[in-house]
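Just below is one structure, and these are the notes that go with it.
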Amino acid sequence: MYKYAKNDKIADIYIEKIRSVSGKGSSGLTLKDALFNPQYRTATWVSIGYIIFHELTGVNVINLYSHNIFESMSGSGGLTVNQGVQLDGRVQLNDHIQLVGVACLVASTMATQTVKYFGRRTLLIFGHIAIAIVHAMVAVFNIEGSNVGVVTMIILFSFAYQNTSGPVAWMYAAETTIDAGMGICLL
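Next comes the structure, spelled out in structure tokens:
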């Protein structure tokens, strides 16, 4: 807001407009208002559409089923859940889930800076392109039987997701929709 306000008076006008359509005044609005009132519907429908794309990235599948993915790879040689994996001949990780967890932690930490330096639109567009490429590469490595490639791509997916769609989707929805619209996005 302050980026576009040339002075404090214009900033106050922006603030008053935001207050008039959010906060206590918007909590009495209904789902019908969020979905069909011309003042709120565009923001609500755009947020709903984006949240659908956000959920289709597959982050929940990776987080919930990566153990099963690694377990199914154990029968084909290479990395196994029970044996663990050695990195640089020194570090022993007993479970590949730790790799995904550490990748998420590091990526989430990086995201605080990524969101600061790149615009939301840039993060969303390039983030979803990167996620699509990584998903395609997971499929290629899986078809080729490269377990290390699959694990690497899952970790790259974590980085792409945590630095793009992960932090931006919910922030965008919360900033643009009224309470009832946010409720449908959460649903």
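With the numbering used here applied, the sequence shown closes on residue 1019, and no number is skipped along the way. Where is the CB? At the ideal position from N, CA and C, for every residue including glycine. A quick note: this is a predicted structure, and the numbers were derived from the prediction, not measured.
What does a CB cutoff of less than 8 Å around residue i pick up in its chain, not counting 5 residues either side in sequence?
| i | result |
| --- | --- |
| G951 | none |
| N839 | none |
| W877 | L867 |
Assign residue i to one of two classes, buried (16 or more other C-beta atoms within 10 Å of its C-beta) or exposed (fewer than that).
| i | result |
| --- | --- |
| A866 | buried |
| F1025 | Given a span of 833 to 1019 for the chain in the structure shown, any question on residue 1025 remains unanswerable. |
| V966 | buried |
| Y846 | exposed |
| A943 | buried |
| S990 | buried |
| N979 | buried |
Once the 5 residues before and after residue i are set aside, which same chain residues still bring their CB inside 6 Å of it?
| i | result |
| --- | --- |
| I1010 | S858, L861, A866 and Y872 |
| S940 | Q994 |
Give the secondary structure of residue i by DSSP, where H, G and I count as helix, E and B as strand, and everything else as coil.
| i | result |
| --- | --- |
| G881 | helix |
| P870 | coil |
| Y836 | coil |
| S898 | helix |
| T889 | coil |
| S1052 | Residue 1052 lies beyond the residue range present for the chain, which begins at 833 and ends at 1019; the question has no answer from this structure. |
| T984 | helix |
| T1009 | coil |
| T996 | coil |
| S1026 | This structure leaves residue 1026 out entirely; the chain is present only between 833 and 1019. |
| G951 | coil |
| G959 | helix |
| T946 | helix |
If you compare alpha carbons, which of the options is closest to residue i?
| i | options | result |
| --- | --- | --- |
| S898 | I987, G1013, M969 and V972 | I987 |
| L956 | Y1004, N979 and V983 | Y1004 |
| R953 | T996, V893, K838 and E848 | T996 |
| C936 | I894, I842, E976 and W1002 | I894 |
Who are the near neighbours of residue i in its chain, counting only those whose CB is closer than 7 Å to its CB and skipping five residues on each side?
| i | result |
| --- | --- |
| Y993 | T889, V891 and I963 |
| I880 | I1016 and C1017 |
| D920 | Only weak support exists for where D920 lies, its pLDDT of 46 falling under 50; the coordinates are left without a value. |
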